[in-house]
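Those protein sequence lines, which keep their order, are chains A and B. Throughout, our numbering is defined as the position within the first sequence, counted from one, plus 4. Throughout, our numbering is defined as the position within the second sequence, counted from one, plus 332. We put the CB at the ideal spot given by N, CA and C, even for glycine.
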Amino acid sequence: AQKVTQAQTEISVVEKEDVTLDCVYETRDTTYYLFWYKQPPSGELVFLIRRNSFDEQNEISGRYSWNFQKSTSSFNFTITASQVVDSAVYFCALSEDSGGSNYKLTFGKGTLLTVNP
Amino acid sequence: EPEVTQTPSHQVTQMGQEVILRCVPISNHLYFYWYRQILGQKVEFLVSFYNNEISEKSEIFDDQFSVERPDGSNFTLKIRSTKLEDSAMYFCASSGTLSGNTIYFGEGSWLTVV
């Protein structure tokens, strides 16, 4: 069974600090997909990134970067120079490629990030 | 940018009443989903739907729940007889074709059962 662990329940930083959100996953599949979603106070789930298990290259998008390491089953998310607007709950999620027509996501419990001015 | 839309954004209903939550997935997507998030908890998978039938459902998705795609655009979640513990945010989602395609979520429908 697949499992996603986000050990950090809450993180509080001051604006302009860098912050890393941890995500550790468990799966028996060799083909799987990892995601990060942002949930701002308004409640919607905003897609941030998708990574497949064969692509271990780190990715950078503006102030966001992701570090995927299969050896440690981790997919960590770093925000550089954090801003107040980054305050949200961040969810890491895993989808296994069952080969069928379903790609359900298993979510972690989320990390509440608060960026203070 | 195409998006998943959901209505209503918030609904209050009495215990035992039927509720229908509506969703319009992204137009060229083929896979549809409902997820649920109880306040302060993680997002949980309820059901996936493809080719006009349920492809997978979770333990949460019992006989009180049903899904339907009544026409070419809408995707609905019905709860026949709501219970207090059904109070949650319900997210509709959709994805494109196959392998690991990104799943896009709607803004959610907040259901309060009193």
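| field | Length of the line joining the Cα atoms of T339/B and S75/A | value | The residue given as residue 339/B occupies position 7 in the second sequence. The residue given as residue 75/A occupies position 71 in the first sequence. Each residue's Cα considered, the two are about 43 Å apart.
| query | Who pairs with C27/A in a beta bridge, going by DSSP? | reply | Position 23 of the first sequence, counted from the first residue, corresponds to residue 27/A. DSSP links C27/A through a beta bridge to no other residue.
| Cβ-based burial, R55/A [other Cβ within 10 Å; buried from 16] | The residue given as residue 55/A occupies position 51 in the first sequence. Buried is the call here.
| said: Does chain A have any CB closer than 8 Å to the CB of Y365/B? | reply: Along the second sequence, one-based indexing puts residue 365/B at 33. Look at Y365/B: its C-beta is under 8 Å from a C-beta on chain A.
| task | Please determine, among I411/B, D418/B and S426/B, the residue with the shortest C-alpha to C-alpha distance to I358/B. | result | Start at 1 with the first residue of the second sequence, and residue 358/B comes out as number 26. Comparing Cα-Cα distances from I358/B to each of I411/B, D418/B and S426/B, the minimum goes to S426/B.
| field | First through last residue of the beta strand (DSSP E) which encompasses R55/A | value | Looking up residue 55/A in the first sequence gives position 51. From DSSP, the beta strand (DSSP E) with R55/A extends over V50 to N56.
| query | Name the chain A residues whose beta carbon is nearer than 8 Å to that of T444/B? | reply | Against the second sequence, residue 444/B aligns to sequence position 112. One finds nothing in chain A with a Cβ atom closer than 8 Å to the Cβ of T444/B; even the nearest lies about 13 Å away.
| task | Using alpha carbons as the reference points, say which of E100/A, G66/A, Q6/A and S16/A lies closest to T35/A. | result | Indexing the first sequence from 1 puts residue 35/A at position 31. Of the candidates E100/A, G66/A, Q6/A and S16/A, the one whose C-alpha sits nearest the C-alpha of T35/A is E100/A.
| query | Which two residues bound the contiguous beta strand (DSSP E) that contains M449/B? | reply | Absent from the structure is residue 449/B, since the part of chain B shown begins at 333 and ends at 446.
| query | Once you ignore the five residues that flank S380/B on each side, which residues in its own chain have a CB closer than 6 Å to its CB? | reply | Taking the first residue of the second sequence as 1, we reach residue 380/B at position 48. Setting aside the 5 residues that flank it on each side, S380/B is surrounded in the same chain by Y365, S387 and E388, each with a C-beta closer than 6 Å to its C-beta; the list follows chain order.
| message | Could you check whether the Cβ of G112/A sits closer than 8 Å to any Cβ belonging to chain B? | response | What you label residue 112/A is simply residue 108 of the first sequence in a count that begins at 1. For G112/A, at least one C-beta of chain B is nearer than 8 Å to its own C-beta.
| query | Looking at the C-beta of F423/B, does it have a partner C-beta in chain A at a distance below 8 Å? | reply | Counting from one through the second sequence, the residue named residue 423/B turns up at place 91. The beta-carbon of F423/B is placed less than 8 Å from the nearest beta-carbon of chain A.
| Who are the Cβ neighbours of L416/B in its own chain at under 7 Å, not counting the five residues just before and after it? | As a first step, residue 416/B is located in the second sequence; it is residue number 84 there, counting from the start. Taken in chain order, the residues that qualify are M347 and V445.
| task | Can you grab the Cα-Cα spacing for the pair E397/B / L378/B, in whole Å? | result | Working through the second sequence from its first residue, we reach residue 397/B at position 65. Working through the second sequence from its first residue, we reach residue 378/B at position 46. The question names Glu, but residue 397/B is Phe in the sequence shown. Whole-angstrom Cα-Cα distance: 9 Å.
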